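Read through the structure below, which is laid out as structure tokens, and then see the notes.
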Amino acid sequence: MKTKATLIGFTAILMWSFLALMTAASGTMPPFQLSAITFAIGSLPGILLFIAQPARLKGLRQSPKVWLAGVGGLFGYHFFYFTALRNAPAVEAGLIAYLWPLLIVVGSAFLPGEKLGWHHIVGALCGLVGTALIVGKNGFAFDPAYSLGYFTAFLCAFTWAAYSLISRKFEKVSTDVVTGLCLATSLLSLACHLVLETTVWPDDLAQWAAVVGLGLFPVGLAFYVWDYGVKNGDIQILGASSYAAPLFSTLILILSGFGELSVNIGLACLLITGGAMLAARDMVFRKRERAT
């Protein structure tokens, strides 16, 4: 059961790997407008399920702390991420924001029934180094002038890690609640868009298709399966394996003609894959013990 839930959670990482490609293909829509539309689309499958099975609506009847944690996680992550990108170079902000898998692995030590081993930390650090090779291929230049951007990038990482870890504590809360969280995030993103941005619509059907694809998968289904995975699977393995997202994303861009293969990418592949395998060693050993 735990292995199955972990694999289901991992599909979110696969979907997030297409985020960069789909975002690039969606045109020049500003980030909060894109967030508002895609989260609204992401809630549609859940809404259709509620219409087909009205009894599932009871999954939305949750305590205020569940809503606060959920909306704070989904909207907070995107708010801090967009703020970081507006106030710091994308490379440095992106690397800081991608501290969240490491924070999940370390933070999991405080969860009931979890044990943090050296291999979890080393595996996550390998993933972080591999990610640094990808996003910082031309080096890093941390400038104090961008302190606000760096700080909000860290808040972005902390917010998503906290959301994932807190979700584990709400393991009895139905994943149906993610539909409500997506709707709330869409409305808050719309409010930010109306205050901070100028509306820009896609130019053609191809861009609209990319927007819809974002809403259905990386900004839709991914959050449902991630919620199920962190609640029922091995959160430490999911945390360490999350560094595969920037690697897969880069490889997808290369295959799509938007990037070139390099030595850095090869090293990153080894580090991220090796780190994930190291973090998953307990699960492998448990399978062998059951087999014998």
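The numbers in full-length UniProt numbering rise by one with no breaks, and the one at position 192 of the sequence shown is 192. Cβ atoms here follow ideal geometry from the backbone N, Cα and C, with glycine treated the same way. Bear in mind the structure is a predicted one, so any value in this text is a computation, not a measurement.
As assigned by DSSP and simplified to three states, the class of residue i
| i | result |
| --- | --- |
| E114 | coil |
| Y228 | helix |
| R61 | coil |
| E92 | helix |
| A191 | helix |
| V106 | helix |
| W201 | coil |
| K172 | coil |
| A157 | helix |
| Y150 | helix |
| S256 | coil |
| M29 | coil |
| F140 | coil |
| M22 | helix |
| M15 | helix |
| Y163 | helix |
| S249 | helix |
| L125 | helix |
Length of the line joining the Cα atoms of residue i and residue j
| i | j | result |
| --- | --- | --- |
| Y77 | C126 | 24 Å |
| T3 | P112 | 18 Å |
| V106 | A279 | 12 Å |
| G9 | S241 | 10 Å |
| K287 | L7 | Residue confidence for K287 is low, a pLDDT of 45 falling below 50, so the modelled location carries little weight and cannot support an answer. |
| I96 | Y146 | 13 Å |
| E289 | F110 | Any reading at E289 needs caution, since the residue's pLDDT is 44, under 50, leaving its predicted position unreliable; the model's value is listed next. The straight-line gap from Cα to Cα measures roughly 26 Å. |
| G27 | Q236 | 36 Å |
| S174 | L49 | 13 Å |
| R61 | L183 | 15 Å |
| L270 | T198 | 42 Å |
| A291 | F151 | Caution applies to A291, whose pLDDT of 44 falls short of 50 and renders its modelled position unreliable; the model cannot decide the point. |
| G130 | I51 | 44 Å |
| V284 | I47 | The predicted position of V284 is uncertain, since its pLDDT is 46 and thus under 50; a value taken from the coordinates is nonetheless stated next. Those two C-alpha atoms are separated by around 38 Å. |
| K169 | F32 | 29 Å |
| K115 | F248 | 29 Å |
| D234 | H193 | 36 Å |
Residue-chain proximity (residue i, chain C), Cβ-Cβ < 8 Å
| i | result |
| --- | --- |
| S174 | Within the model displayed, chain C is absent; a lone protein chain is all it includes. |
Candidates the options, of which the one nearest residue i by Cα
| i | options | result |
| --- | --- | --- |
| P144 | T159, N87, V173 and F170 | N87 |
| N264 | F151, V230, W16 and G139 | G139 |
| L68 | S167, K231 and W208 | S167 |
| T11 | G239, I96 and G266 | G239 |
| P64 | A24, L133 and V177 | V177 |
| P30 | L49, V195 and F217 | V195 |
| A90 | V135, R61 and S17 | V135 |
| T159 | G275, I272 and Y81 | Y81 |
| I13 | P218, L116 and K115 | P218 |
| M277 | F32, Y243, V211 and A36 | Y243 |
| L99 | L216, K231 and A157 | A157 |
| A93 | F142, V122, D234 and P45 | F142 |
| F79 | L155, H120 and T23 | L155 |
| T185 | F151, A209 and G220 | G220 |
| L34 | G213, A222 and E114 | G213 |
| A210 | M15, L21 and S17 | L21 |
| H119 | L102, K169 and W16 | L102 |
| L85 | T179, Y224 and G149 | G149 |
| A24 | G59, Q207 and A124 | Q207 |
| L261 | L133, L116 and K115 | L133 |
Residue i burial status per 10 Å Cβ neighbour count (16 or more: buried)
| i | result |
| --- | --- |
| K172 | exposed |
| I272 | buried |
| K231 | buried |
Problem set entry | Cβ pair count under 8 Å reaching 3, the stretch 182–198 against the stretch 28–41 | Touching, per the Cβ criterion.
Exercise. Taking contact to mean at least 3 C-beta pairs separated by less than 8 Å, is the stretch 247–258 in contact with the stretch 44–58?
Worked result: No: the two stretches stay apart, fewer than three of their Cβ pairs being nearer than 8 Å.
Exercise. Using 8 Å as the threshold, is the stretch 150–167 in touch with the stretch 69–76, meaning 3 or more CB pairs across them?
Worked result: Counting Cβ pairs under 8 Å, three or more are found: they touch.
Exercise. Between the stretch 198–206 and the stretch 265–276, do at least 3 Cβ pairs fall closer than 8 Å?
Worked result: In the pairwise beta carbon analysis, the stretch 198–206 is classified as not touching the stretch 265–276: fewer than three pairs are separated by under 8 Å.
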